[in-house]
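*Asks:* My questions will all concern the structure given below.
4 protein chains.
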Amino acid sequence: MKRILKAAILGATGLVGIEYARMLSEHPYIKPAYLAGKNSVGRPYGEIVRWQTVGQVPKEVRDMEVKPTDPKLMDDVDIIFSPLPQGAAGPVEEQFAKLGFPVISNSPDHRFDPDVPLLIPEVNPHTVSLIDEQKKRRDWKGFIVTTPLCTAQGAAIPLSPIYMNFKMNGAYITTIQSLSGAGYPGIPSLDIVDNILPLGDAYDAKTIKEVTRILGEVKRNIGEPSMQEVSLAATTHRIATIHGHYEVSYVTFKEDTEVSKVREVLDNFRGEPQDLKLPTAPEKPIITMNEDNRPQVYFDRWAGNPPGMSIVVGRLKQINNRTIRMVSLIHNTIRGAAGGGILSAELLKEKGYIE
Amino acid sequence: MKRILKAAILGATGLVGIEYARMLSEHPYIKPAYLAGKNSVGRPYGEIVRWQTVGQVPKEVRDMEVKPTDPKLMDDVDIIFSPLPQGAAGPVEEQFAKLGFPVISNSPDHRFDPDVPLLIPEVNPHTVSLIDEQKKRRDWKGFIVTTPLCTAQGAAIPLSPIYMNFKMNGAYITTIQSLSGAGYPGIPSLDIVDNILPLGDAYDAKTIKEVTRILGEVKRNIGEPSMQEVSLAATTHRIATIHGHYEVSYVTFKEDTEVSKVREVLDNFRGEPQDLKLPTAPEKPIITMNEDNRPQVYFDRWAGNPPGMSIVVGRLKQINNRTIRMVSLIHNTIRGAAGGGILSAELLKEKGYIE
Amino acid sequence: MKRILKAAILGATGLVGIEYARMLSEHPYIKPAYLAGKNSVGRPYGEIVRWQTVGQVPKEVRDMEVKPTDPKLMDDVDIIFSPLPQGAAGPVEEQFAKLGFPVISNSPDHRFDPDVPLLIPEVNPHTVSLIDEQKKRRDWKGFIVTTPLCTAQGAAIPLSPIYMNFKMNGAYITTIQSLSGAGYPGIPSLDIVDNILPLGDAYDAKTIKEVTRILGEVKRNIGEPSMQEVSLAATTHRIATIHGHYEVSYVTFKEDTEVSKVREVLDNFRGEPQDLKLPTAPEKPIITMNEDNRPQVYFDRWAGNPPGMSIVVGRLKQINNRTIRMVSLIHNTIRGAAGGGILSAELLKEKGYIE
Amino acid sequence: MKRILKAAILGATGLVGIEYARMLSEHPYIKPAYLAGKNSVGRPYGEIVRWQTVGQVPKEVRDMEVKPTDPKLMDDVDIIFSPLPQGAAGPVEEQFAKLGFPVISNSPDHRFDPDVPLLIPEVNPHTVSLIDEQKKRRDWKGFIVTTPLCTAQGAAIPLSPIYMNFKMNGAYITTIQSLSGAGYPGIPSLDIVDNILPLGDAYDAKTIKEVTRILGEVKRNIGEPSMQEVSLAATTHRIATIHGHYEVSYVTFKEDTEVSKVREVLDNFRGEPQDLKLPTAPEKPIITMNEDNRPQVYFDRWAGNPPGMSIVVGRLKQINNRTIRMVSLIHNTIRGAAGGGILSAELLKEKGYIE
Ligand SMILES: NC(=O)c1ccc[n+]([C@@H]2O[C@H](COP(=O)([O-])OP(=O)(O)OC[C@H]3O[C@@H](n4cnc5c(N)ncnc54)[C@H](OP(=O)(O)O)[C@@H]3O)[C@@H](O)[C@H]2O)c1
Ligand SMILES: NC(=O)c1ccc[n+]([C@@H]2O[C@H](COP(=O)([O-])OP(=O)(O)OC[C@H]3O[C@@H](n4cnc5c(N)ncnc54)[C@H](OP(=O)(O)O)[C@@H]3O)[C@@H](O)[C@H]2O)c1
Ligand SMILES: NC(=O)c1ccc[n+]([C@@H]2O[C@H](COP(=O)([O-])OP(=O)(O)OC[C@H]3O[C@@H](n4cnc5c(N)ncnc54)[C@H](OP(=O)(O)O)[C@@H]3O)[C@@H](O)[C@H]2O)c1
Ligand SMILES: NC(=O)c1ccc[n+]([C@@H]2O[C@H](COP(=O)([O-])OP(=O)(O)OC[C@H]3O[C@@H](n4cnc5c(N)ncnc54)[C@H](OP(=O)(O)O)[C@@H]3O)[C@@H](O)[C@H]2O)c1
């Protein structure tokens with residue numbers, strides 16, 4: 001039997017934090033032991049938290065007091081989950097890593113440090129070896145591992161086996177994303193009722209940048225590979241859905257490629273988490289659907305087991321000999337953040353980086 | 001001064017019908033003279049109509065009684081606008097055309113008859129000459145002209161000058177469409193709150209079929225050209241916006257093509273309606289925007305003058321040497337239906353098909 | 001240990017039917033054994049059902065085939081849950097009751113038969129004795145028990161202990177109800193985006209009629225008591241929330257009444273289901289909240305255990321000496337339908353009406 | 001012919017500011033001459049403004065530069081409209097009034113100064129005489145007049161003729177308000193999708209406080225009358241409608257009161273603005289509807305002429321001998337703010353307070 005790991009959730013009251021709290025309350029060997037916040041410090045978690053997810057606040061965390069983000073108070077903590085806002089996250093995470101904590105971050109601040117893994121456990125598990133370099137170079141006892149932008153994961157997870165197995169040329173992506181992806185308070189309601197909000201050039205660009213790096217690593221490379229050979233584009237939007245990022249991709253190839261083969265590859269995709277039977281690994285990281293009106297955000301974002309850990313892919317269609325169309329749906333705060341973070345922790349434990 | 005033309009609006013209480021009623025109430029020489037319906041027959045228009053548009057029911061039509069769709073009652077009518085539902089429209093339109101009425105239809109029933117124009121006045125005005133063939137072949141005194149599917153127009157209008165001026169290879173389109181495009185009652189509310197509704201293969205296919213025909217006609221061809229050389233794809237959706245279809249297109253070319261040139265061509269696009277100064281012709285059929293968060297459905301669907309008659313194009317971006325990205329927004333019930341119908345009538349009058 | 005009861009769910013694919021399927025899949029002694037439908041007959045439940053609730057279709061029912069609503073196929077069924085549409089329900093339910101089945105109906109068709117209980121187990125459990133009269137009078141081996149309109153329950157459950165304990169004079173109710181209350185397809189989306197839909201005189205009236213009868217029975221009466229002494233009014237609306245009916249009540253009294261006393265009575269309210277520790281009985285049928293921005297539909301509709309079985313009451317306030325204000329929130333498809341039905345079955349079993 | 005008055009709109013880019021800009025662009029004798037803002041200073045109005053209303057930015061204001069809120073730059077301005085945020089408004093308005101400007105404020109800051117009118121031109125026009133006292137007491141050349149909270153107006157306008165004509169005892173109000181009432185950015189989207197947001201005790205209380213004062217003044221009193229004899233209560237909410245506050249009131253009386261008489265009084269209600277034929281006065285300040293599903297926010301908020309200046313009242317019903325039910329709908333940014341402000345200016349001009 002595994003030793004129980006005590007976890008601190010920084011930003012525990014945030015939209016990602018609540019999924020950590022919910023999932024860890026049921027985890028076999030990682031327990032929520034410390035809930036950190038900012039404005040909600042000193043308040044009972046169950047009273048202060050906006051529980052924008054399924055069910056009710058679990059009894060495991062309901063009566064815990066929200067505490068400050070202070071490593072001195074976390075002596076007995078084994079692992080830090082850090083879904084902190086951009087800007088706030090960076091220095092805090094460094095501080096923890098320096099002190100010896102393993103830090104799993106969902107924030108963008110360290111995602112492009114050359115010695116920090118940008119980890120999707122099924123896709124680029126070999127990049128965890130960057131941790132050794134990171135610790136040495138920075139003379140840290142702990143380390144930082146990051147998970148990618150939710151939007152980038154929604155594209156990168158299905159594109160990875162495609163890129164691995166076929167001569168992919170590019171992907172033209174259009175996203176329709178949910179409100180929870182922007183945190184709370186996030187998007188003003190008057191921007192979204194009877195409207196579509198384009199997320200703009202910067203958001204498009206960071207999506208592409210992350211997908212590019214991840215695809216570059218799929219073929220066992222490490223760091224940020226050049227990937228000049230693949231042409232990616234993204235046009236990103238938010239609408240009034242609560243959870244779930246929906247992404248339409250037209251994928252082009254350098255040679256004739258049959259959609260039935262692509263579907264097969266997606267269906268059969270498995271990674272180390274499945275081989276290792278990690279507790280948070282869904283049986284199938286990618287679930288394909290055949291109905292021509294699926295996936296639908298409301299009905300399919302909770303797909304997989306644990307719920308929300310599988311990406312749903314549908315609308316697969318041969319556009320022409322060298323182009324296929326595919327739609328993917330990711331639960332942004334689960335697979336795209338907290339669930340991905342917990343799965344990363346499980347992988348790191350399995351590989352001996354967390355003890 | 002032009003003779004006043006008396007118009008009948010079939011389906012006058014529908015989502016397209018109300019835009020006809022609104023726009024014709026202010027038209028310089030076409031007057032709403034007969035409002036036809038089905039379930040609302042016998043009721044005062046202003047009382048029965050669901051006015052799902054701006055302003056209040058105009059006084060010109062408020063007290064008119066809704067009448068049956070019966071040509072015998074329309075002796076003094078000069079022109080028939082027919083936004084009737086698919087299936088119901090076809091036979092009714094034939095009946096009117098046979099009796100000598102000019103019929104402008106927004107319904108799909110006759111769109112692919114080989115002798116019926118599928119008309120966008122700025123794009124394929126020369127196809128009105130099909131009317132001569134139609135009248136001869138069918139031995140009709142009147143005729144039918146159709147306007148394309150709103151979704152197809154949203155893509156075809158900006159793609160037309162692009163196809164005309166550059167060696168276009170294909171377009172990969174993703175649409176995010178409004179509820180009013182489905183008529184009333186249309187989409188159940190439980191399909192759309194916190195959800196995205198994929199419209200499915202059939203809707204994707206008809207969009208492509210219509211865009212293909214229109215592009216084929218851009219270069220002065222008539223009928224349904226083959227267009228094998230261009231690869232089009234569409235993935236269509238509905239969300240909880242009320243009016244306005246938003247479409248993201250990745251357009252590919254056979255040779256290097258600069259986005260700045262494409263923008264110029266879009267900006268300068270004008271057609272016969274502009275040359276002829278038709279009253280419902282917007283100064284610019286296409287308005288381009290530069291802000292990276294525009295167009296937005298709520299703010300830009302009413303663009304142009306008359307409002308809703310211009311397509312707004314934005315997010316123009318060079319993806320790679322041979323690919324550009326473009327977003328277009330069309331007011332589906334105005335430019336995509338009633339406004340397009342009225343502009344068609346104006347063109348037909350100018351060309352002598354309506355007297 | 002209790003004998004396992006086999007249940008048929010009529011209308012199993014409907015919005016209430018899915019909650020029966022979900023809750024019975026986890027029930028200690030009532031099992032979903034037969035799923036009946038109409039248009040979906042012959043299809044695997046997990047494929048055809050619109051799962052407009054939490055989680056995914058339970059494995060207990062996922063692969064069951066939807067069957068016709070035919071008693072001949074239900075030989076081994078012990079209990080019928082009938083969330084059928086108004087009109088369709090009535091004759092079907094009679095047919096089953098005549099054949100000896102216990103029928104628990106959520107439909108309105110038999111709610112006002114003088115020998116049919118309109119049952120809220122915590123409120124008027126003594127009315128189950130009407131069953132004896134019903135069976136005798138109709139010479140049936142089985143019987144029908146109904147649950148009240150969801151909207152009526154949202155008001156009647158908290159008003160019952162108030163009426164029981166204080167000299168209540170009347171209640172002026174305004175409801176803001178969810179889409180799922182209208183079934184599927186239900187409300188057209190264009191009626192509800194950027195709008196409030198008044199439900200009209202008939203809906204207001206039936207709400208009042210049911211609340212009146214239930215309050216009349218609170219004081220141990222049976223049948224439809226006159227209740228002339230209490231003045232009730234309701235103004236009912238639907239908005240674009242998915243589940244949860246929210247109701248604001250101004251309650252007036254014949255003598256000075258302190259809100260603190262009212263709160264106490266609500267907090268302490270328990271009924272037979274709690275005494276009998278029925279499996280679907282929430283610990284507290286009414287949960288009161290103190291925050292001045294609660295209850296909120298999104299966060300509080302799942303209150304209680306089983307989730308959705310408690311009514312949440314908040315915004316309690318003394319308006320004047322003889323008037324208090326109260327807000328109640330009911331999960332319409334759970335406490336207001338399927339959950340109420342299952343709790344009723346448990347009570348009937350405990351009282352020997354189901355064996 | 002009237003002299004043209006030059007108006008400055010403070011907060012011109014806000015949700016109320018845009019209605020001032022729109023309505024004044026068409027006003028016969030008040031012209032928008034100065035558009036003031038804060039963050040948008042220096043930008044062309046048409047570029048920076050979020051035009052969350054009908055139509056497009058009028059050409060009269062489109063190219064005007066947004067300027068600072070600085071009286072020194074407004075030498076030639078005759079009248080100040082001040083829809084500034086609470087807190088920011090107070091000192092700015094005093095500064096302008098001291099310098100001799102007539103200030104019409106929509107903000108709450110001075111609403112309860114004892115010498116400042118809280119003006120609804122049809123309801124308490126006599127309170128403008130407070131201006132004389134105000135100028136004298138404060139030794140100001142200019143003055144401040146305020147318009148009430150939009151929510152308070154939605155109740156107070158129909159209650160005024162009722163209170164004037166019948167022995168009213170109290171009113172129990174439940175509001176369902178729109179997003180625009182909270183300004184921009186206002187309500188976070190995650191608070192409102194699939195939710196109802198209670199506005200809380202403070203909002204309820206200020207609504208009642210303002211309605212109470214206005215009703216107190218209806219019978220020709222001035223200042224803040226005691227009104228102990230009338231019992232008012234409000235329960236206020238926001239939902240995802242864009243414009244339009246919908247309010248359900250149960251009105252109680254000290255003696256038997258017939259709803260038909262109440263309807264008559266509401267229908268016939270006129271005030272000084274109608275007698276004086278002020279340009280922004282709607283023909284009927286209150287429009288009553290009979291259909292049992294009206295008013296509806298989407299369809300009726302633009303009622304009256306100018307659009308949005310009439311309050312729509314419907315669902316009138318006799319609850320018992322001494323209680324009637326009534327629903328009112330007010331366009332919060334028009335009648336409830338900018339339109340009310342312009343109508344106030346017109347009245348003040350007519351009465352010689354503005355020259
Ligand atoms: N939302 C998503 O779908 C998603 C997906 C992938 C990655 N991410 C990333 O995850 C991070 C969190 O996102 P979110 O959506 O959960 O945000 P959020 O809802 O805004 O939550 C922010 C959390 O951080 C805490 N916090 C804020 N400032 C802090 C500071 N200076 N020091 C310590 N704690 C602070 C807040 O605590 P108090 O409430 O106590 O103030 C709150 O718990 C972001 O970096 C985001 O980019 C989000
Ligand atoms: N909505 C769009 O954006 C759009 C865009 C382009 C084209 N179109 C096409 O325009 C047509 C109308 O669409 P819509 O959205 O306006 O539909 P809609 O809102 O459903 O209105 C249908 C209208 O047709 C009348 N009608 C229905 N059945 C009829 C029959 N058998 N005989 C005579 N009248 C009948 C109805 O009258 P009563 O109300 O009196 O029953 C109503 O006025 C469709 O063919 C659609 O494909 C629509
Ligand atoms: N929704 C609520 O909140 C609520 C609350 C309290 C009470 N109720 C009552 O519960 C009942 C069901 O409501 P709902 O919202 O679940 O409705 P719904 O979503 O419209 O579902 C109706 C169900 O009934 C089946 N059905 C329809 N017509 C039938 C027929 N003639 N014979 C047999 N089966 C038929 C349908 O099967 P197929 O899908 O196979 O066609 C479907 O399973 C109604 O009487 C309603 O008044 C509802
Ligand atoms: N919205 C309604 O329905 C309604 C109804 C009745 C009364 N009111 C009252 O009207 C006022 C305005 O409401 P709103 O909804 O229009 O608000 P809003 O949309 O938030 O607009 C605020 C406006 O004030 C400007 N502003 C903000 N801070 C300022 C400062 N310190 N100095 C100068 N200008 C400043 C802003 O300019 P920049 O954009 O340039 O920063 C913007 O133009 C509030 O007092 C509100 O209570 C509103």
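Just so you know, the sequences run in chain order A, B, C and D.
Under UniProt numbering, the first residue of the first sequence is numbered 1, with each subsequent residue one higher.
Under UniProt numbering, the first residue of the second sequence is numbered 1, with each subsequent residue one higher.
Under UniProt numbering, the first residue of the third sequence is numbered 1, with each subsequent residue one higher.
Under UniProt numbering, the first residue of the fourth sequence is numbered 1, with each subsequent residue one higher.
Just so you know, even glycine gets a beta-carbon here, dropped at the ideal spot from N, CA and C.
Spell out a yes or no on whether the region 150 to 160 of chain C and the region 152 to 162 of chain B are touching, meaning 3 or more CB-CB pairs, one atom from each, closer than 8 Å.
*Replies:* No, they do not touch.
*Asks:* Roughly how many angstroms lie between the CA atoms of residue 301 of chain D and residue 120 of chain B, to the nearest whole one?
*Replies:* Whole-angstrom Cα-Cα distance: 35 Å.
*Asks:* So, at 6 Å on beta carbons, what are the nonlocal neighbours of residue 96 of chain C in its own chain, with the 5 sequence-adjacent residues on each side left out?
*Replies:* So the list reads 71, 80 and 103, once near-sequence residues are dropped.
*Asks:* Taking DSSP's pairing of strands, which residues face residue 177 of chain A in a bridge?
*Replies:* The partner list for residue 177 of chain A (beta bridge, DSSP) reads A:238.
*Asks:* Taking 8 Å as the cut-off, does the region 2 to 18 of chain C touch the region 331 to 344 of chain C (at least 3 CB pairs, one atom from each stretch)?
*Replies:* Flag = yes, the region 331 to 344 of chain C and the region 2 to 18 of chain C touch.
*Asks:* Residues bridged to residue 318 of chain B by DSSP?
*Replies:* B:324.
*Asks:* Suppose the cutoff is 7 Å on Cβ atoms and the five residues either side in sequence are ignored; what does the same chain contact list for residue 345 of chain D look like?
*Replies:* Cβ neighbours of residue 345 of chain D beyond the five flanking positions: 30, 79, 104 and 354.
*Asks:* Mind pulling the chain B residues with CB within less than 7 Å of residue 51 of chain D?
*Replies:* Simply 299.
*Asks:* So if I threshold CB-CB distances at 8 Å, which residues from the region 176 to 210 of chain A count as touching chain D?
*Replies:* Answer in chain order: 179, 180, 184, 185, 186, 187, 188, 189, 190, 191, 192, 193 and 194.
*Asks:* Compute the Euclidean distance between the alpha carbons of residue 89 of chain D and residue 106 of chain D, then round it to the nearest angstrom.
*Replies:* If I take the Cα positions, the gap works out to 9 Å.
*Asks:* Look up residue 102 of chain D in the DSSP assignment and give the residues it is bridged to.
*Replies:* Per DSSP, D:143.
*Asks:* Name, going along the chain, the residues of the UniProt domain "Semialdehyde dehydrogenase NAD-binding" (6 to 131) of chain D whose beta-carbon falls closer than 8 Å to a beta-carbon of chain G.
*Replies:* The structure shown has no chain G; the protein chains it does contain are A, B, C and D.
*Asks:* If you measure from the CB of residue 86 of chain D, is any heavy atom of ligand 4 nearer than 8 Å?
*Replies:* Yes, the beta carbon of residue 86 of chain D sits closer than 8 Å to at least one heavy atom of ligand 4.
*Asks:* Taking C-beta pairs closer than 8 Å, name the residues in chain D that residue 231 of chain C reaches, listed in chain order.
*Replies:* Chain D residues near residue 231 of chain C: 319, 320 and 323.
*Asks:* Do you know whose CA, among D:242, D:122 and D:171, lies nearest residue 192 of chain A's CA?
*Replies:* Per the Cα distances, D:242.
*Asks:* Could you run through the region 280 to 298 of chain B and flag, in chain order, every residue whose CB is less than 9 Å away from some CB of chain A?
*Replies:* Here the close residues are 291, 292, 293, 294, 295, 296, 297 and 298.
*Asks:* How about residue 5 of chain B and residue 36 of chain B: do their beta carbons lie closer than 9 Å?
*Replies:* No, Cβ-Cβ distance for residue 5 of chain B and residue 36 of chain B is not below 9 Å.
*Asks:* For residue 303 of chain D, would you say it is in contact with chain B, using Cβ-to-Cβ distances shorter than 9 Å as the test?
*Replies:* Interface residue, yes.
*Asks:* Residue 92 of chain C by DSSP, collapsed to three states: which one?
*Replies:* Residue 92 of chain C: helix per DSSP, three-state reduction.
*Asks:* Count the other CB atoms within 10 Å of the CB of residue 194 of chain C; is the residue buried (16 or more) or exposed (fewer)?
*Replies:* Classification of residue 194 of chain C: buried, given that the 10 Å Cβ count is 16 or more.
*Asks:* When you compare the CB of residue 306 of chain C with every CB in chain A, is at least one pair closer than 9 Å?
*Replies:* By this cut-off, residue 306 of chain C is not an interface position.
*Asks:* How long is the line joining the alpha carbons of residue 2 of chain B and residue 99 of chain B, rounded to whole angstroms?
*Replies:* Going by the C-alpha atoms only, they are around 24 Å apart.
*Asks:* For residue 329 of chain B and residue 184 of chain D, I'd like the C-alpha separation in whole angstroms.
*Replies:* Roughly 24 Å between the two C-alpha positions.
*Asks:* For residue 358 of chain C, decide whether its Cβ has a neighbour in chain B, counting only Cβ atoms nearer than 9 Å.
*Replies:* Because chain C spans 1 through 355 in this model, residue 358 of chain C falls outside it and cannot be assessed.
*Asks:* From which residue to which residue does the beta strand (DSSP E) around residue 81 of chain B run?
*Replies:* Run containing residue 81 of chain B: 79 to 82, per the beta strand (DSSP E) assignment.
*Asks:* Quick check: what's the CA-CA separation for residue 125 of chain A versus residue 272 of chain A?
*Replies:* Cα to Cα, residue 125 of chain A sits roughly 7 Å from residue 272 of chain A.
*Asks:* Taking only beta carbons into account, state which residues of the region 239 to 270 of chain C come closer than 7 Å to chain B, listed in chain order.
*Replies:* Under the 7 Å Cβ criterion, the region 239 to 270 of chain C contributes 240 and 242.
*Asks:* So does residue 200 of chain B have its beta carbon nearer than 8 Å to some heavy atom of ligand 2?
*Replies:* No.
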